[in-house]
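Working notes, beginning with the structure itself.
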Amino acid sequence: MGKKLQAYKEAKTIGTENRLWPLYGAGLENLGKDGRPIDVGIPEYGPDELLVRHDACGICFSDIKVINAGEQHPRIFKDMKKDPVVLGHEVAMTVVGVGEKLKDRYKVGDRFIVQADIYVDGVNYAYGYMIQGGMSQYGVIDQRVLNGDHGNYLLPVKPETGYAESALAEPWACVIAAYELKYRTGLKNGGFTWIIGTEKAAEQYHISAGFDEHSHPARLGLTNVPSAFAAWLRERAAALGVEVVEVDLHQPGDLPPVDDIIILGPDPDVIEAASPRLADFGIVALLAGEPLPRPVQVDVGRIHYNRWTYVGTAGTDIAQAYSRYPIPAELKAGGKAWFVGAGGPIGQMHVQRAIQSENPPGLILCTDLSAERLQVLEEMMGADARARGIEFVCLQVGTDEYQPRLAELAGDGFDNIVVLAPAAAVVSDCANYMANRAVMNIFAGLKRGTMAALDLSHVYLRDVRFIGHTASTIEDLRLMLQKTESHQLSPNRSVAAIGSLDAAKEGYEAVRDARFPGKVVIYPNIKPFPLTPLPELKDKLPTVYAKLKNGREWTKEAEDEFLELLLPD
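According to the working numbering, the sequence shown is numbered sequentially starting from -18.
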């Protein structure tokens, strides 16, 4: 290790300036001053605070959403002209100053990453949104971070772990979290259940579990429920102390959010009318024995953001709609997995995880509009996949071979479809290729209220499931950091371009315009260095390029050489 890098890691001295990129409102024209970062001086920190140096910061498409929306963004609730946002939540940091009250727990040189979703008294103070983020050389970690609703939002990083791979544990945590999702297998205990009958409802239904002394909702809504079943429900509710209310489907009044909506019979109009009443993590259970007469308009944005889902059964036991087939979020071992929009940074992560998982799929299909991105994906992942016995196929959307090849690979359908392209039409189209008991994960961040036409008959006749996910928890981040430091997963493979703090604005433009197939990583404390895709290091910094893996993959050794060359003298 060179002298400059050694001194940097020890963090015994700090710089004389704190350059950062303030965002004063919506639009890139409001980033910085005259298109440049500004110097605000090294921040002061209190006795119960830490001064940290930002070592590496990834750029996320979520940052672009903040730039586009400004104060209209749901995580921003301040006057940005007076108190500008400093973006950057995918960040690795080093402690360079410790307040007097914290010296028994922290020391200069300690390294951390941060769980960006920081809550205090239920209010979100996200890092890189409400708290100054990683697009700055230095920042202050206060009690919101150290003592929030979920405790300490900092996670310690081992000294030997790279800066970029540490920073990128955050977006990677969102990816691995998508395969750790858990869904209820019964009515919500203490929740609100709404049962709705339709013209084609059966005469009688029952609930074999979840409506008894062991577990039951606190409130029951009834709408057009067949008389015999309604009588049984009322009698049972009275014995259990469950409140019963009659609900008018089309004029429900001030009906609170519903945890479980049970629809008896195949009626798309009823599904569409009732579904908007779902609570977060709500479930619609469909009980019918024949197909729906038409596709249903489904709010796929809320499947993604609010964790709604649909379950069902062709029988008459409501409990079986939930418990008969617990939703598996993990990819099916030896199955067929299709990653839709796989060529982008997050798509690459999903594909890499699938290949490196303990029990991978037997077929991985990657589709994208960009031939260039698919070529990169093939070069990065193809050999590794085939070495594990996985059939690995990259297929460009819109070519003459696309539809026939897709049909050939699909056969009886894919077991897992991960949608990374934010388009409702894509969700609808992909649903036509689901196998029996297939799971579609709507990972793309479609806005709430985005409707897609889906044949929900398959939910109760073929046990297909639609799930979705956004963000991650501190436990997800801890798991991802552990996988990084134990070399089970390599976030460095996601790095596509690097630059200094001066290059951040161009980095945002590149992410906005999807210029690179992987992640852009900014090193805030190096000398000015332009935004550079890794292959171009061959000419710009040949000694760094020589330490890339296979001439394309960022490594800890390449990062060390890069920092030794570009840290200030």
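Ideal Cβ placement from N, Cα and C applies to all residues, glycine included. Bear in mind the structure is a predicted one, so any value in this text is a computation, not a measurement.
Note: residue 478 is bridge-paired with 501 and 514 in the DSSP secondary-structure output.
DSSP places residue 41 in the coil class of the three-state scheme, outside both helix and strand.
DSSP, read as helix, strand or coil, puts residue 320 in strand. Taking the Cα positions, residue 487 is about 13 Å away from residue 116. Rounded to the nearest angstrom, the gap between the Cα atoms of residue 334 and residue 470 is 7 Å.
The three-state secondary structure of residue 461, taken from DSSP, is helix. When the five nearest sequence neighbours on each side are left out, the beta carbons in the same chain lying within less than 6 Å of the beta carbon of residue 430 are those of 282, in order along the chain. CA-CA distance, residue 537 to residue 242, rounds to 51 Å.
Around the beta carbon of residue -13, a 10 Å sphere encloses fewer than 16 other beta carbons of the protein chains shown; the residue is thus reported as exposed. With contacts defined as CB atoms closer than 8 Å, residue 448 and residue 413 fail to qualify as a contacting pair. Residue 389 carries a helical assignment under DSSP once its states are collapsed to helix, strand and coil. One alpha carbon belongs to residue 367, the other to residue 352, and they sit about 20 Å apart.
Secondary structure of residue 20 (DSSP, three-state): strand.
The Cβ atoms of residue 403 and residue 425 lie closer than 8 Å to each other.
The Cβ neighbour count for residue 212, taken over all protein chains shown within 10 Å, is under 16; the residue is labelled exposed. Residue burial is scored here from C-beta neighbours: residue 341 has at least 16 other C-beta atoms within 10 angstroms and is therefore classed as buried. By a beta-carbon distance limit of 8 Å, residue 91 contacts residue 137. Their separation comes to about 7 Å. Boundaries of the alpha helix (DSSP H) harbouring residue 523: 523 to 526, taken from the DSSP string.
Judged by DSSP in its simplified three-state form, residue 440 adopts helix. Per DSSP, the beta bridge partners of residue 75 are 34 and 92. By the CB criterion at 8 Å, residue 148 and residue 502 fall inside the cutoff.
In this structure residue 276 touches residue 436 by the C-beta definition: roughly 5 Å separates them, less than 8 Å. By alpha-carbon distance to residue 96, the top candidate from 85, 76, -17 and 69 is 69. In the three-state reduction of the DSSP assignment, residue 213 falls in the helix class. Residue range 135 to 137 is occupied by the beta strand (DSSP E) that includes residue 137.
For residue 372, the enclosing beta strand (DSSP E) has its first and last residue at 372 to 377. A direct Cα-to-Cα measurement between residue 24 and residue 2 gives close to 15 Å. Cα atoms of residue 19 and residue 0: separation of roughly 5 Å, rounded to the nearest angstrom. Under the DSSP assignment, residue 153 falls in the alpha helix (DSSP H) whose first and last residues are 150 to 158. For residue -13, there is no enclosing beta strand (DSSP E); the enclosing alpha helix (DSSP H) covers residues -16 to -9. Scanning its chain for C-beta atoms nearer than 6 Å, with the 5 sequence neighbours on each side dropped, one finds around residue 112 the residues 106, in chain order. By the criterion of at least three beta-carbon pairs nearer than 8 Å, the region 165 to 177 is in contact with the region 194 to 211. Within the same chain, Cβ atoms closer than 6 Å to the Cβ of residue 417 are found at 443, the five residues on either side in sequence being excluded.
With respect to the C-alpha of residue 438, the residue from 127, 248, 143 and 46 having the closest C-alpha is 248. The bridge partners DSSP lists for residue 174 are 201 and 241.
Take the alpha-carbon of residue 16 and the one of residue 515: they are about 25 Å apart.
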